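Structure, as structure tokens:
2 protein chains.
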Amino acid sequence: MKVTVLVRLKPGILDPQGEAIGRALGGLGYAASAVRAGKVFDLELDAADAQVAEEQARELADRVLANPLMEECEVVVHG
Amino acid sequence: MKVTVLVRLKPGILDPQGEAIGRALGGLGYAASAVRAGKVFDLELDAADAQVAEEQARELADRVLANPLMEECEVVVHG
Numbered sequence: 000m001k002v003t004v005l006v007r008l009k010p011g012i013l014d015p016q017g018e019a020i021g022r023a024l025g026g027l028g029y030a031a032s033a034v035r036a037g038k039v040f041d042l043e044l045d046a047a048d049a050q051v052a053e054e055q056a057r058e059l060a061d062r063v064l065a066n067p068l069m070e071e072c073e074v075v076v077h078g
Numbered sequence: 000m001k002v003t004v005l006v007r008l009k010p011g012i013l014d015p016q017g018e019a020i021g022r023a024l025g026g027l028g029y030a031a032s033a034v035r036a037g038k039v040f041d042l043e044l045d046a047a048d049a050q051v052a053e054e055q056a057r058e059l060a061d062r063v064l065a066n067p068l069m070e071e072c073e074v075v076v077h078g
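Residue numbers (numbering that gives the first Met the number 0), protein chains in the order written: chain A, 0 to 78; chain B, 0 to 78.
As structure tokens, then:
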């Protein structure tokens with residue numbers, strides 16, 4: 000089952016990469032603000048149904064893909 | 000207007016990070032395969048409507064956020 004995991008910094012955590020990108024975009028004339036950078040992982044899970052896939056994805060995201068102290072995860076199961 | 004840009008490696012491009020994560024997940028007992036790693040950017044655009052925001056986001060994604068030779072972008076405009 001195809002799963003997408005989005006890993007984003009928690010709201011209070013500083014994001015120097017996002018800030019740098021925001022400055023670069025401003026310098027190029029784009030009216031962009033509040034830029035935040037994160038990671039996306041697409042994977043295939045051998046799960047019986049979407050609920051099991053989501054539970055597995057949440058667990059492995061917190062164990063391997065994200066640092067739960069600083070990051071939060073969003074899991075999307077595709078069909 | 001809030002916009003999310005997902006930047007993923009194109010299908011043919013090797014992804015050593017995704018492969019390493021796939022091996023790590025396998026070692027931990029997860030039945031995960033085809034792991035691909037990418038980037039996600041959340042930003043606020045000062046655009047009149049969703050269509051303008053999407054056009055701006057696609058343009059800045061190809062100019063700043065992604066390398067169009069190796070990566071492809073997905074743009075999601077929120078409300």
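Backbone N, C-alpha and C define an ideal beta-carbon position, used for all residues, glycine too. Note that the structure is predicted; figures quoted are calculated from it, not measured.
On the DSSP bridge list, what partners appear for residue i?
i             : result
D41 (chain A) : A:T3 and B:R35
V74 (chain A) : A:V4
Look at the alpha carbon of residue i and the alpha carbon of residue j, and state the distance between them as a whole number of angstroms.
i             : j             : result
D45 (chain A) : A60 (chain A) : 15 Å
G78 (chain A) : V51 (chain A) : 13 Å
N71 (chain A) : D41 (chain B) : According to the sequence shown, residue 71 (chain A) is Glu rather than Asn. Near 14 Å, if we compare the C-alpha coordinates of D41 (chain B) and E71 (chain A).
A23 (chain B) : G21 (chain A) : 33 Å
I12 (chain A) : P15 (chain B) : 28 Å
R62 (chain A) : L68 (chain A) : 11 Å
T3 (chain A)  : P10 (chain B) : 15 Å
Rounded to whole angstroms, how far is the Cβ of residue i from the Cβ of residue j, which I believe are closer than 8 Å?
i             : j             : result
G25 (chain B) : A31 (chain B) : 7 Å
L5 (chain A)  : V39 (chain B) : 5 Å
A36 (chain A) : M0 (chain A)  : That belief does not hold up - the Cβ atoms of A36 (chain A) and M0 (chain A) are roughly 27 Å apart, past 8 Å.
E58 (chain B) : V76 (chain B) : The Cβ separation is near 14 Å, so there is no contact.
Given that a residue counts as buried once 16 or more other Cβ atoms are within 10 Å of its Cβ, and exposed if not, what is residue i?
i             : result
A65 (chain A) : buried
A19 (chain B) : exposed
A56 (chain A) : buried
R7 (chain B)  : buried
G28 (chain B) : exposed
Can you find a C-beta in chain B that's less than 7 Å from the C-beta of residue i?
i             : result
E43 (chain A) : yes
A31 (chain A) : yes
L24 (chain A) : yes
I'd like to know if residue i contacts chain A, where contact means its C-beta is closer than 7 Å to some C-beta of that chain.
i             : result
L8 (chain B)  : no
G28 (chain B) : no
G37 (chain B) : yes
L13 (chain B) : no
V76 (chain B) : no
V34 (chain B) : yes
L5 (chain B)  : yes
V63 (chain B) : yes
L59 (chain B) : yes
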